[in-house]
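Enquirer: Per my numbering, residue 326 is the first one in the sequence shown, and the count goes up by one each step.
Note that CB positions come from ideal geometry on N, CA and C, so glycine has one too.
Note that this is a predicted model, so its numbers are computed, not measured.
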Amino acid sequence: MCGIIGSTGDAATLNDLVEGLARLEYRGYDSAGVAVARADGTLDRIRAVDGTTSLKLLADLASERSEGYIAGLGHTRWATHGRVTTENAHPHMDCSGGIGVVHNGIVENFRELKAELESEEHHFDSQTDTEVIAHLLESFLKQGLSLREAVMQSMSRLRGAMSFVAIDSKDPGVMVGTKRMAPLIVGKGRGANFVASDIPAILGKADSFYQVGDNQVVVVSPQGIELFDLTGTSVQLVEISVDWDLAAAERGGFSDFMSKEIFEQPAAVRDTLLGRLNAPGEIVLDEMRLDPEELRRINKIFIVGCGTSYHAGMVAKYAIEHWTRIPVELDISSEFRYRDPVLDQETLVIGVSQSGETLDTLAAMNEASLLGAKTLVVSNVMGSSMARTADAVLYTRAGPEIGVAATKTHTAQISALLLLALYLAQVRHCLYPSEIREIYEEMITLPEKIEQVLATDAAVQEVAQSMAAVKRFYFIGRHVGYPVALEGALKLKEISYLPAEGYPAGELKHGPIAMIDSDAVVFGVTTRTRLWEKMTSNLEEVRVRGARIVVVANEGDTQSVGLGDAAFEVPKTHALLAPVLDVIPLQLFAYHLAVALGNDVDRPRNLAKTVTVE
Ligand code: M6R
326 MCGIIGSTGD AATLNDLVEG LARLEYRGYD SAGVAVARAD GTLDRIRAVD GTTSLKLLAD
386 LASERSEGYI AGLGHTRWAT HGRVTTENAH PHMDCSGGIG VVHNGIVENF RELKAELESE
446 EHHFDSQTDT EVIAHLLESF LKQGLSLREA VMQSMSRLRG AMSFVAIDSK DPGVMVGTKR
506 MAPLIVGKGR GANFVASDIP AILGKADSFY QVGDNQVVVV SPQGIELFDL TGTSVQLVEI
566 SVDWDLAAAE RGGFSDFMSK EIFEQPAAVR DTLLGRLNAP GEIVLDEMRL DPEELRRINK
626 IFIVGCGTSY HAGMVAKYAI EHWTRIPVEL DISSEFRYRD PVLDQETLVI GVSQSGETLD
686 TLAAMNEASL LGAKTLVVSN VMGSSMARTA DAVLYTRAGP EIGVAATKTH TAQISALLLL
746 ALYLAQVRHC LYPSEIREIY EEMITLPEKI EQVLATDAAV QEVAQSMAAV KRFYFIGRHV
806 GYPVALEGAL KLKEISYLPA EGYPAGELKH GPIAMIDSDA VVFGVTTRTR LWEKMTSNLE
866 EVRVRGARIV VVANEGDTQS VGLGDAAFEV PKTHALLAPV LDVIPLQLFA YHLAVALGND
926 VDRPRNLAKT VTVE
């Protein structure tokens with residue numbers, strides 16, 4: 326949700342904050358702001374509202390006012406409490422204007438705290454939950470506590486998942502941050518130290534990156550970085566290994582991140598799959614911290630995730646059950662957590678999350694751990710909260726994904742989950758080694774096949790442009806074509822804002838078909854599987870009701886192609902691997918339609934890249 330950055334040190338500049346904020350825009354772009362501590366002991370605040378222009382405005386202001394910079398905090402907002410106005414933009418300040426706070430998450434008990442603070446004569450300027458933190462810190466500082474102690478004390482008064490960073494003009498070079506189930510990292514650079522919600526914000530500025538754990542307090546000053554627990558005991562810093570480079574977090578000649586990331590899929594899938602088969606032909610998952618013996622004891626798997634990650638998890642359910650015969654339940658993270666799931670020590674819960682920070686998935690995984698289950702996360706971010714807290718981790722190697730609509734991390738997630746399914750089959754002796762090798766060998770042809778799909782971009786664009794006036798879309802598929810249909814619909818909804826629904830093709834006639842008429846466009850995932858004939862019957866059912874049809878079909882499959890008014894062709898592969906290819910034309914379609922409608926694909930309305938509130 327909101328993005329946080331802070332910098333301090335001789336080499337730190339206001340520009341660091343503005344550049345960092347530009348790289349954090351994917352977290353929220355309702356408004357942005359900075360609070361800058363200056364050598365003269367003042368805290369200067371600049372805030373700007375209005376999606377696209379706020380950062381530009383800040384950059385202009387920053388260039389005018391960069392003199393005397395000692396340290397500063399920056400924030401990009403995704404509004405939860407309080408409308409999108411300048412007064413609600415962060416940083417928020419205490420009554421004296423000497424304490425600045427940037428915050429991500431929700432202070433669930435802010436109403437009661439606000440009433441208490443107001444009764445003590447604190448004056449509030451905004452409608453946000455965040456502002457209570459600034460006033461709470463002010464109260465503690467007035468009692469003679471240091472900023473670090475005040476932050477520690479505040480944590481016991483604040484309820485909810487959050488991270489925040491504070492600065493006090495009385496000790497202007499020092500930033501103090503803390504977190505509980507929300508992202509926060511710190512970085513050391515040459516002559517400057519940093520705090521941020523996400524690694525891309527400080528890529529190219531920090532040379533080394535460190536974790537901040539839940540209920541830890543970090544003090545970042547020009548002299549260094551110190552970490553404490555809530556009792557004030559010093560805690561060892563743990564470095565996060567980051568192999569992303571700055572170029573990966575920039576557009577690199579593309580007009581937007583979404584198209585760049587769609588075209589990075591061959592590399593994302595290749596890097597995720599490479600080196601996973603050893604010389605004797607066994608799958609090796611180096612990062613896995615679960616012992617094969619433990620995996621042999623598992624008798625039930627749950628997969629949890631949200632949005633696109635949930636769709637990747639759905640593909641995995643089909644593959645794991647087919648290859649290992651372990652029963653798999655699939656849950657939306659926010660439902661799993663509160664539905665009293667039946668788990669024990671022989672249950673494995675797999676969380677799928679590109680960011681590794683989505684609060685619903687993080688909480689679902691924590692709940693599973695508490696109930697005694699083993700947990701494993703598939704994540705794209707090294708050192709993310711889930712990667713740190715799960716029993717095991719499997720990384721996708723897609724590089725940073727900045728576009729709000731997930732694309733390359735989705736196909737990388739499916740690839741990683743398929744590897745995991747094969748690994749489970751291997752340790753449990755469910756498939757012959759030769760079968761595993763054969764499937765893996767097919768998997769490593771996927772990057773080349775993705776290139777072939779991407780080469781059809783212009784044809785997809787033409788179809789998308791011809792459908793710019795269509796108002797309703799439906800996506801249908803069977804078996805692993807069903808998650809592809811769901812993902813095709815989600816991509817289109819997210820960036821075109823048009824109604825788009827995904828259904829299992831066989832379910833259409835149980836209700837949704839009532840919506841089908843000549844104004845509808847139906848996408849059918851019609852690549853060849855044993856259910857192909859049934860799929861074609863379902864397409865006939867919508868055709869006779871007047872809908873226009875677009876099929877995703879195997880190259881050269883004239884029968885399938887003939888079913889559609891338009892066809893997107895993809896190379897043939899193993900049926901369980903097909904979603905990696907089949908989803909790509911649907912990503913391209915969503916992209917081109919949104920561009921044709923004039924939408925900002927990287928900053929879709931109301932959305933943020935990582936959802937760290939419930
Ligand atoms: O970081 P995560 O994978 O946990 O995020 C989950 C969803 O919020 C995410 O996939 C969302 O649906 C994307 N915007 C989809 O494009």
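Comparing alpha-carbon positions, which option in Leu620, Ala531, Met639, Val875 lies nearest Gln738?
Expert: Within the sequence shown, the letter at position 413 stands for residue 738. With distances taken between Cα atoms, Gln738 lies closest to Met639.
Enquirer: I think Val938 touches Ile431, with their Cβ atoms under 8 Å apart; what is that distance to the nearest whole Å?
Expert: Counting from one through the sequence shown, the residue named residue 938 turns up at place 613. Counting from one through the sequence shown, the residue named residue 431 turns up at place 106. Yes, Val938 and Ile431 are in contact; Cβ-Cβ is about 5 Å, under 8 Å.
Enquirer: Report yes if the C-beta of Ser464 is less than 8 Å from at least one heavy atom of the ligand M6R; otherwise report no.
Expert: As a first step, residue 464 is located in the sequence shown; it is residue number 139 there, counting from the start. The answer is no for Ser464.
Enquirer: If you reduce the DSSP assignment to three classes, tell me which class Ser704 lands in.
Expert: The count along the sequence shown starts at 1 and reaches residue 704 at position 379. Of the three classes helix, strand and coil, the one that applies to Ser704 here is strand, per DSSP.
Enquirer: Ordered along the chain, which non-local residues of its own chain (more than five positions away) have a Cβ less than 7 Å from that of Asn931?
Expert: As a first step, residue 931 must be located in the sequence shown, where it is residue number 606. Around Asn931: no qualifying Cβ.
Enquirer: Between Ile838 and Val343, what straight-line distance do the alpha-carbon atoms span, to the nearest angstrom?
Expert: Here residue 838 refers to the residue found at position 513 when the sequence shown is read from its first residue. Here residue 343 refers to the residue found at position 18 when the sequence shown is read from its first residue. Approximately 50 Å between the Cα atoms of the pair.
Enquirer: List the whole-angstrom C-beta distance separating His428 from Phe489, where the pair is believed to meet the contact cut-off of C-beta under 8 Å.
Expert: To locate residue 428, count along the sequence shown from 1; it is residue 103. To locate residue 489, count along the sequence shown from 1; it is residue 164. Contact flag correct, Cβ pair sits at about 4 Å.
Enquirer: Using C-beta distances below 7 Å, list every residue in its chain close to Ala919, excluding the 5 sequence neighbours before and after it, in chain order.
Expert: By 1-based counting over the sequence shown, the position of residue 919 is 594. These residues qualify, in order along the chain: Ile820, Ser821, Val926.
Enquirer: Is Asn879 buried or exposed, if buried means 16 or more other CB atoms sit within 10 Å of its CB?
Expert: On the sequence shown, residue 879 is found 554 positions in, with the first residue counted as 1. With 16 or more other Cβ atoms within 10 Å, it is buried.
Enquirer: Can you name, in chain order, every residue of its own chain whose Cβ lies under 8 Å from the Cβ of Leu555, other than the five neighbours on each side?
Expert: Your numbering for residue 555 matches position 230 in the sequence shown. Same-chain partners within the cutoff: Met477, Met480, Ser481, Asn540, Gln541, Val542.
Enquirer: If you drop the 5 nearest sequence neighbours on each side, which residues of the same chain put their C-beta closer than 7 Å to that of Val702?
Expert: As a first step, residue 702 is located in the sequence shown; it is residue number 377 there, counting from the start. So the list reads Gly676, Ser678, Gly681, Met690, Met711, Ala712, Ala715, Val718, once near-sequence residues are dropped.
Enquirer: Shorter than 8 Å, the distance from the beta carbon of Ala641 to the closest heavy atom of the ligand M6R, or not?
Expert: Here residue 641 refers to the residue found at position 316 when the sequence shown is read from its first residue. Because no heavy atom of the ligand M6R lies under 8 Å away, the Cβ of Ala641 does not count as near it: no.
Enquirer: Taking the alpha-carbon positions, what's the His917 to Arg515 distance?
Expert: Residue 917 sits at position 592 when you count from the first residue of the sequence shown. Residue 515 sits at position 190 when you count from the first residue of the sequence shown. Those two C-alpha atoms are separated by around 42 Å.
Enquirer: Whole-angstrom Cβ separation of Val955 and Val809, contact assumed at under 8 Å?
Expert: The chain is shown from 326 up to 939; residue 955 falls before or after that span and cannot be answered.
Enquirer: Could you round the C-beta distance between Tyr535 and Leu509 to whole angstroms and report it? I think they count as a contact, below 8 Å.
Expert: The residue labelled residue 535 in the question sits at position 210 within the sequence shown. The residue labelled residue 509 in the question sits at position 184 within the sequence shown. Rounded, the Cβ-Cβ distance is 10 Å, inconsistent with contact.
Enquirer: Is Leu815 near the ligand M6R, in the sense that its beta carbon is under 8 Å from a heavy atom of that ligand?
Expert: In the sequence shown, the residue the question calls residue 815 occupies position 490. Yes.
Enquirer: Just the C-alpha distance for His835 and Asp685, rounded to the nearest angstrom, thanks.
Expert: Translated into the one-based positions of the sequence shown, residue 835 becomes position 510. Translated into the one-based positions of the sequence shown, residue 685 becomes position 360. Whole-angstrom Cα-Cα distance: 31 Å.
Enquirer: Is Lys699 closer than 9 Å to Leu673 when the C-beta atoms are compared?
Expert: Translated into the one-based positions of the sequence shown, residue 673 becomes position 348. Translated into the one-based positions of the sequence shown, residue 699 becomes position 374. Yes, the pair counts as a contact, with Cβ atoms nearer than the cut-off.
Enquirer: Measuring alpha carbon to alpha carbon, tell me which residue in Ala933, Ser533, Leu462 is nearest Thr503.
Expert: In the sequence shown, counting from the first residue as 1, residue 503 sits at position 178. For Thr503, the nearest C-alpha among the options comes from Leu462.
Enquirer: Quick one: give me the first and last residue of the alpha helix (DSSP H) that Gly328 is part of.
Expert: Locating residue 328 in the sequence shown gives position 3, where the first residue counts as 1. Where Gly328 is concerned, there is no enclosing alpha helix (DSSP H), although the beta strand (DSSP E) it sits in stretches over 328 to 333.
Enquirer: Can you give me the C-alpha to C-alpha distance between Thr935 and Thr683, rounded to a whole angstrom?
Expert: In the sequence shown, residue 935 corresponds to position 610, counting from 1. In the sequence shown, residue 683 corresponds to position 358, counting from 1. Approximately 6 Å between the Cα atoms of the pair.
Enquirer: Below 8 Å, is the gap between the Cβ of Gly802 and the nearest heavy atom of the ligand M6R?
Expert: As a position in the sequence shown, residue 802 is number 477, starting the count at 1. No, Cβ of Gly802 sits at least 8 Å from all heavy atoms of the ligand M6R.
Enquirer: Looking only at DSSP bridge pairs, what is Lys504 linked to?
Expert: Locating residue 504 in the sequence shown gives position 179, counting from the first residue. Looking at the DSSP assignment, Lys504 forms a beta bridge with Ser488.
Enquirer: Out of Asp616, Thr861, Leu620, which has the shortest C-alpha to C-alpha gap to Val877?
Expert: Here residue 877 refers to the residue found at position 552 of the sequence shown. For the residues Asp616, Thr861, Leu620, the minimum Cα distance to Val877 belongs to Thr861.
Enquirer: In terms of residues, what are the limits of the beta strand (DSSP E) holding Ser356?
Expert: Position 31 of the sequence shown, counting from 1, holds the residue named residue 356. Start and end: 356 to 363.
Enquirer: Considering only their Cβ atoms, is the gap separating Gln452 from Asn413 smaller than 9 Å?
Expert: In the sequence shown, the residue the question calls residue 413 occupies position 88. In the sequence shown, the residue the question calls residue 452 occupies position 127. Taking 9 Å as the Cβ cut-off, Asn413 and Gln452 qualify as a contacting pair.
Enquirer: Given Leu922, which residues of its chain have a CB within under 7 Å of its CB, disregarding the five upstream and five downstream residues?
Expert: The sequence position of residue 922 within the sequence shown is 597, counting from 1. Cβ neighbours of Leu922 beyond the five flanking positions: Ala793, Ser821.
Enquirer: Using CA coordinates, which residue listed in Met506, Phe588, Lys530, Ile527 is at the minimum distance from Gln912?
Expert: Looking up residue 912 in the sequence shown gives position 587. Among Met506, Phe588, Lys530, Ile527, the Cα nearest to that of Gln912 is on Phe588.
Enquirer: I'd like the list of long-range same chain contacts for Arg576, defined as Cβ closer than 8 Å, with 5 residues on each side in sequence excluded.
Expert: Looking up residue 576 in the sequence shown gives position 251. Cβ neighbours of Arg576 beyond the five flanking positions: Phe582, Lys585.
Enquirer: Distance check for Ala337 and Ala693, CA to CA, integer angstroms please.
Expert: By one-based count along the sequence shown, residue 693 stands at place 368. By one-based count along the sequence shown, residue 337 stands at place 12. Straight-line Cα distance between these residues: approximately 42 Å.
Enquirer: Residues in the same chain with beta-carbon distance under 8 Å from Ile550, minus the five sequence neighbours each way, listed in chain order, please.
Expert: Here the question's residue 550 lines up with position 225 in the sequence shown. Closer than 8 Å at Cβ, skipping near neighbours: Val511, Lys513, Asn518, Tyr535, Val543, Val544, Leu562.
Enquirer: Three-state secondary structure (DSSP) at Val869?
Expert: Your numbering for residue 869 matches position 544 in the sequence shown. It is coil, neither helix nor strand.
Enquirer: Roughly how many whole angstroms lie between the Cα atoms of Glu618 and Asp496?
Expert: Along the sequence shown, read from residue 1 onward, the residue named residue 618 stands at position 293. Along the sequence shown, read from residue 1 onward, the residue named residue 496 stands at position 171. Those two C-alpha atoms are separated by around 54 Å.
Enquirer: Should Val886 be counted as a contact of the ligand M6R given a C-beta to heavy atom distance under 8 Å?
Expert: Numbered from its first residue, the sequence shown carries residue 886 at position 561. Answer for Val886: no, Cβ out of range of the ligand M6R.
Enquirer: What do you reckon, is the C-beta of Cys631 under 8 Å from a heavy atom of the ligand M6R?
Expert: On the sequence shown, position 306 is the one that residue 631 refers to. For the ligand M6R, at least one heavy atom lies less than 8 Å from the Cβ of Cys631.
Enquirer: With a cut-off of 8 Å, do at least 3 Cβ pairs link the stretch 841 to 858 to the stretch 758 to 773?
Expert: As far as the Cβ criterion goes, the stretch 841 to 858 does not touch the stretch 758 to 773, which means the pair count is below three.
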